[in-house]
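Quick note on numbering: our numbering labels position 23 of the sequence shown as 26, and the sequence is numbered without any gaps.
Beneath this line is the structure, given in C-alpha coordinates, with notes to follow.
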Amino acid sequence: MSEQTEIRLVEDDPNDAFFFDRSLAGVGFAGALRHLTDIEAAKNYLIRARAAGKLPELIVADSAVSPHGNGVALLEWQRAEEFNLPFVIL
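Have a look at this one:
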(Lines of atoms letter the chains of each structure in order from A and count residues from 1; the text may use other names and numbers.)
(Lines give C-alpha, C1' and ligand atoms only; values in the text may rest on other atoms or scores of the structure.)
Protein backbone atom coordinates (compact mmCIF):
# COMPACT_ATOMS: atom_id res chain seq x y z
CA MET A 1 0.00 0.00 0.00
CA SER A 2 1.23 3.46 -0.82
CA GLU A 3 1.29 6.68 1.16
CA GLN A 4 -1.93 7.57 -0.67
CA THR A 5 -3.79 4.59 0.82
CA GLU A 6 -6.53 5.52 3.27
CA ILE A 7 -8.10 3.16 5.78
CA ARG A 8 -11.13 4.14 7.85
CA LEU A 9 -11.38 2.51 11.27
CA VAL A 10 -14.81 2.46 12.92
CA GLU A 11 -14.06 1.78 16.58
CA ASP A 12 -15.62 3.20 19.73
CA ASP A 13 -12.86 2.11 22.12
CA PRO A 14 -9.90 4.53 22.00
CA ASN A 15 -7.54 1.86 23.35
CA ASP A 16 -8.44 -0.55 20.55
CA ALA A 17 -8.02 2.23 17.99
CA PHE A 18 -4.59 3.06 19.44
CA PHE A 19 -3.41 -0.55 19.24
CA PHE A 20 -4.76 -0.97 15.71
CA ASP A 21 -2.83 2.13 14.64
CA ARG A 22 0.33 0.85 16.35
CA SER A 23 -0.06 -2.53 14.65
CA LEU A 24 -0.27 -0.90 11.23
CA ALA A 25 2.80 1.19 11.97
CA GLY A 26 4.60 -1.96 13.12
CA VAL A 27 4.15 -3.58 9.72
CA GLY A 28 5.27 -0.47 7.87
CA PHE A 29 1.90 0.93 6.76
CA ALA A 30 2.66 4.35 5.28
CA GLY A 31 -0.88 5.43 4.38
CA ALA A 32 -3.46 7.29 6.43
CA LEU A 33 -5.58 5.69 9.13
CA ARG A 34 -8.62 7.78 9.97
CA HIS A 35 -10.73 6.97 13.00
CA LEU A 36 -14.52 7.22 13.31
CA THR A 37 -16.16 6.44 16.64
CA ASP A 38 -19.67 5.37 15.64
CA ILE A 39 -21.80 3.95 12.85
CA GLU A 40 -23.68 7.17 12.10
CA ALA A 41 -20.40 9.07 11.70
CA ALA A 42 -19.18 6.33 9.36
CA LYS A 43 -22.33 6.50 7.23
CA ASN A 44 -22.16 10.30 7.03
CA TYR A 45 -18.48 10.15 6.13
CA LEU A 46 -19.09 7.60 3.35
CA ILE A 47 -21.89 9.66 1.85
CA ARG A 48 -19.71 12.80 1.80
CA ALA A 49 -16.65 10.91 0.55
CA ARG A 50 -18.56 9.38 -2.35
CA ALA A 51 -19.92 12.80 -3.34
CA ALA A 52 -16.34 14.14 -3.29
CA GLY A 53 -14.98 11.12 -5.16
CA LYS A 54 -12.58 10.27 -2.33
CA LEU A 55 -13.61 6.94 -0.85
CA PRO A 56 -11.12 5.03 1.32
CA GLU A 57 -9.48 1.87 0.07
CA LEU A 58 -10.62 -0.13 3.12
CA ILE A 59 -13.11 0.05 5.98
CA VAL A 60 -12.26 -1.76 9.22
CA ALA A 61 -15.12 -1.88 11.73
CA ASP A 62 -15.53 -3.19 15.24
CA SER A 63 -18.13 -5.94 15.45
CA ALA A 64 -19.89 -4.10 18.31
CA VAL A 65 -19.62 -0.34 17.89
CA SER A 66 -21.75 1.45 20.48
CA PRO A 67 -24.32 2.94 20.72
CA HIS A 68 -25.89 2.84 17.26
CA GLY A 69 -25.15 -0.50 15.67
CA ASN A 70 -22.30 -2.76 14.75
CA GLY A 71 -19.85 -3.54 12.00
CA VAL A 72 -22.16 -6.07 10.37
CA ALA A 73 -24.96 -3.48 10.11
CA LEU A 74 -22.51 -1.00 8.58
CA LEU A 75 -21.32 -3.62 6.09
CA GLU A 76 -24.91 -4.43 5.08
CA TRP A 77 -25.73 -0.72 4.74
CA GLN A 78 -22.69 0.03 2.58
CA ARG A 79 -23.54 -2.89 0.31
CA ALA A 80 -27.19 -1.79 0.03
CA GLU A 81 -25.98 1.72 -0.83
CA GLU A 82 -23.63 0.16 -3.42
CA PHE A 83 -20.36 1.45 -2.00
CA ASN A 84 -18.92 -2.08 -2.32
CA LEU A 85 -15.70 -1.20 -0.53
CA PRO A 86 -13.31 -3.79 0.89
CA PHE A 87 -14.49 -4.29 4.45
CA VAL A 88 -13.03 -6.05 7.50
CA ILE A 89 -14.96 -6.71 10.71
CA LEU A 90 -12.97 -7.06 13.92
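Note that the Cβ used here is the ideal one computed from N, Cα and C, for glycine as well.
Assuming residue i is part of the beta strand (DSSP E), what are its boundary residues?
i: Phe32; result: Phe32 -> no beta strand (DSSP E), and no H or E assigned at all.
i: Glu9; result: 9-13
For residue i, count the other beta carbons within 10 Å of its own beta carbon; 16 or more makes it buried, fewer makes it exposed. Which is it?
i: Ile62; result: buried
i: Pro89; result: exposed
i: Arg11; result: buried
i: Val30; result: exposed
Output needed for residue i: all residues of its chain with C-beta closer than 8 angstroms, excluding positions within five of it in sequence on either side, in chain order.
i: Asp16; result: Asp65
i: Phe22; result: none
Have a look at the options and flag the residue whose alpha-carbon is nearest the alpha-carbon of residue i.
i: Lys46; options: Ile92, Val91, Thr8, Gln81; result: Gln81
i: Gly74; options: Val91, Glu85, Phe86, Glu84; result: Val91
i: Leu49; options: Leu78, Leu93, Asp19; result: Leu78
i: Phe86; options: Val68, Arg53, Gly31, Leu93; result: Arg53
i: Leu36; options: Asn18, Glu60, Ala55; result: Glu60
Could you pull the start and end residues of the alpha helix (DSSP H) that residue i belongs to?
i: Ala76; result: 74-83
i: Ala52; result: 42-55
Looking only at its own chain, which residues have a Cβ that is under 6 angstroms from the Cβ of residue i, when we skip the five neighbours before and after it?
i: Thr40; result: Asp15
i: Lys57; result: none
Per DSSP, which residues does residue i bridge with? Please list them.
i: Leu61; result: Ile10
i: Phe90; result: Ile62
i: Leu39; result: Val13
Starting from the C-beta of residue i, find all residues in its chain whose C-beta is less than 7 angstroms away, skip the five residues before and the five after it, and write them out in chain order.
i: Ala76; result: Ile42
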